[in-house]
Amino acid sequence: MDPRRLQPGQIVAIARKEFRDRLRSRWVLAVAVVLTVFALVIAYFGAAQQGAIGFKGIELTIASLVSLVIYLVPLIALILGYDAIVGERERGSLDLLLSLPLTRLELLLGKYLGLAAALAFATVAGFGLVGVALSYGIGLTGLLDYAGFILSTLLMGLAFLSLALLLSVLAASKVVASGAAIALWFLYVLIYDLMLVGILVATEGQYVGSLFPLLLLLNPADIFRILNIFSLEEVKSLYGLATVFPATLASPWLLGGAMLFWILAPLALAYVRFRKLS
Amino acid sequence: MNRSAIDVRGVAKRFGEVHAVDGVDLAVREGELFGLIGHNGAGKSTLFKMMLGLLTPDRGSLEVLGEPVGGARFRETRRRIAYLPENVVFYDNLSGHETLRFFAELKGADPRECQPLLVKLGLEAAAQRPVRGYSKGMRQRLGFAQALLGSPQLLFLDEPTIGLDPEGIREFYRILAELKAQGVTVLLSSHHLAEIQERVDRLALMRLGRIQALGTVQALREELRLPLRIEVSLRPETGEHLRRALAPFPDFEVRVDGARGTIVCARGRKMAVLVALTALPDTVTDIRVREPSLEDVFLGYTEH
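Residue numbers (our numbering), protein chains in the order written: chain A, 1 to 278; chain B, 1001 to 1304.
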C-alpha cells in the first residue's frame, strides 16, 4: 500500500473531533438558534416596509432572508474556520498531529469536513425548523424554493469556510488570521458591490459593462444573491440586477459551478501552502 | 554494539540569520535513555522537529528506526514513534478520555489502552472532565499518556517534566525506567540538569546549535577534570589545626569559615584528603564529599 495514499479513517477521526468540539462548545446550537429566530422574525415582519405584517408568501420571505444571510453566513463561516490550522499551531498541537501517521492533506480535509458538518448541521437545523413551521401554507413549489435557498446558503457558507481555512494556513498568528477574516468579510460583503457599482457609474458602463457579470462571479456572496434572485420570478423585478446580469449566465448550473470553484480553489491553495510550510 | 535508534549526521538548520542547529552528529542506541541538555534556544526543539520530519534540514541526513526521516516509508515508522512537544495544549472541550481516544484513533492504537493509561498517570478521577479545567501538571500527564499510546519503540519527549510536581517527576522517571526495561528507546530534552543527570544512560550538551559534549555523566566529569569539594564541620576554634594538618599537601586548597572548612582538590587526591582528615578526630566532626554535578560540567562547557 502506498503510504502517501489518503486514508479516509484519519480524515474521519479529525473531522469527528472538530465536529464534536463545536457541538460541545455550543457553537452549533448558538448558530442554529440565531438563524431560526431571524428567519421567523423575517417571515413574519419581512414585508413591514411595504406596510403589512404577517407571512406574505415564501418568495418575499426568501428575498428578505437572502439579504440577511448574505451578511450573517459569511461571517459565521469565517469565524468558524479562521483558526483551524493557526490555532493548532499556537497550541503546539500541530507538531504533535503531524508527528502521527497523518498527512497534511488528511489533516486539512478532516478539519474542513468537520467544520463543514458543524456549519451544515446548524444551518439546516436553524432554517429547517422554520421551513417545517412554514410548510403548511406554501405548497410544494414553495418548499422546493425554500430548500434551494437553504442549499445555496450552505454552498456560500462552505465557500467562505474554505477561504477561512486558507487564511488559517497563511496567517502567522491567530490575531492576524482573525483580522484577515474580518477584512475579507468587509471586502466581499460590504465593499465589493459598492466598488463595482462605483466603477460602473464612473465609466458610464463603457469598459466594464460586459465584464460586469464575470466580476460578480468573483464574489461568492454575489453568486449566492444571483442564484436566489433568478430562481424567484416575483423577486427578480425587485432587484435591478437582472438588467445587468444576462440570463444566459444565470443558469443555476453555471452559478453552482462557480460556487463549487469557490469551495475547492481556496482549499486547494491552502493545501499547496500548507505542504510547503514547516 | 547496539543498533542506532536515531542516527543524525551533519544536520543543520537555519532560520534567517540564526543557526538553530549547526552541524550536529548524534547516534542514540536502541534501548537507551538519552538526555539532550541545553538552555532555551540551544537548538534542542529544532533538532527534535527534524528527527520527527516536521522540519526539513538545510543539510545532513537523519535516520530514525532505520528509516530515512521523511522518506516514502516514514509514515509507517511514525506508528512506532511517539512525541510529546514542549508546552502542548490540548482541546478544551474534550475530556481527558476523549483526547486519548482521538490520538489512539490517529495512531491506530487499541482504544482499550486509554483507560489503563489514564489510571497509570493518575488521571482516572479527571478522565471524564473537560481538559479546560486541568492543571498544568495534569495536562503534562495527559500529554505523556498520549505518547505512551500504541506501545511505541521510540519516544521523543521535549521538556517532559515542566509543570510536574516532585511526586509527578519521580513517577515520570519510574515509568521511563519501566519502558527502558522493555527495551524502549527514549530521547528527552531538558534544561534542568540536576533532575536528569543521574537518570539517563548518556547525554549530550547542546549550545548554540552544536553538541558541545557527549557521553555518560561520569565520562564527562572525568573528561573535564572538575575538582572535588570536600566540606568538613569543625569543633570551635580548631580551624588552625586543620590548616596545619593539611599544610604538607600544597595542592589542596583549604578555606576555613568559622565552624566550616572546605578543601578543594583533584579527583585523584580524594583518598589522600580523607586519610589526612580521619587523623584529626578532635578537630573534624563531619565530612561531606561534593562530587562535581552535571550543572558544573554544563556551566564549564557553556561558559567558554
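Cβ coordinates follow ideal geometry from the N, Cα and C atoms, glycine included.
Q) In angstroms, rounded to a whole number, what distance separates the CA positions of D1110(B) and L1100(B)? A) 11 angstroms
**Q.** Spatially closest choice to S64(A) from S251(A), I42(A) and F55(A), by CA coordinates
**A.** I42(A)
Q: Would you please verify whether the beta carbon of P101(A) is less than 8 angstroms from any beta carbon of chain B?
A: yes
Q.
What does the alpha-carbon distance come out to for the pair L1106(B) and G1133(B)?
A. 24 angstroms
(Q) Does chain A have any CB closer than 8 angstroms to the CB of R1260(B)? (A) no
Q) By the 10 Å Cβ neighbour count, where 16 or more other Cβ atoms means buried, how is W262(A) classified, buried or exposed? A) buried
Q. What did DSSP end up calling T1285(B) once you bin it into helix, strand or coil?
A. strand
**Q.** Where the alpha helix (DSSP H) containing V37(A) begins and where it ends
**A.** W27 to F45
Q: Have a look at T203(A) and F19(A) and give me their C-alpha separation to the nearest angstrom.
A: 48 angstroms
Q: Taking all protein chains shown into account, decide if D1251(B) is buried (16 or more other Cβ within 10 angstroms of its Cβ) or exposed.
A: exposed
**Q.** Three-state class that DSSP yields for R1309(B) in the structure shown
**A.** Nothing in the structure corresponds to residue 1309(B), since chain B is present only between 1001 and 1304.
**Q.** Through-space distance from V1232(B) to K1270(B), alpha-carbon basis
**A.** 14 angstroms
Q: Figure out for me which residue from I62(A), L98(A), N219(A) and L161(A) has the closest Cα to the Cα of R275(A).
A: L98(A)
**Q.** Buried/exposed call for V272(A), threshold 16 Cβ in 10 Å
**A.** exposed
(Q) For the pair the segment 1235-1244 of chain B and the segment 1035-1046 of chain B, tell me if three or more CB-CB distances fall below 8 angstroms. (A) no
Q: Starting from the C-beta of I70(A), find all residues in its chain whose C-beta is less than 7 angstroms away, skip the five residues before and the five after it, and write them out in chain order.
A: V189, A221, F224 and R225
**Q.** Identity of the residue in F1172(B), M1138(B) and V1289(B) nearest R1199(B) by Cα
**A.** F1172(B)
Q. Three or more beta-carbon pairs under 8 angstroms between the segment 73-81 of chain A and the segment 1043-1063 of chain B, yes or no?
A. no
Q.
At the level of alpha carbons, what is the spacing between G297(A) and A268(A)?
A. Nothing in the structure corresponds to residue 297(A), since chain A is present only between 1 and 278.
Q. Helix or strand or just coil, what does DSSP make of I85(A)?
A. coil
Q) Where does H1192(B) sit, in a helix, a strand or coil, going by DSSP? A) coil
Q: Evaluate the contact criterion for the segment 252-261 of chain A versus the segment 1024-1036 of chain B: three or more CB pairs, one atom per stretch, below 8 angstroms.
A: no
Q) How would you label K111(A), buried or exposed, when you count the other beta carbons within 10 angstroms and need 16 or more for buried? A) buried
Q. Does the beta carbon of G92(A) come closer than 8 angstroms to any beta carbon on chain B?
A. yes
Q. How many Å lie between R1202(B) and E1032(B) at the Cα?
A. 8 angstroms
Q: Could you check if A1219(B) is buried or exposed, using at least 16 other CB atoms within 10 Å of its CB as the buried criterion?
A: exposed
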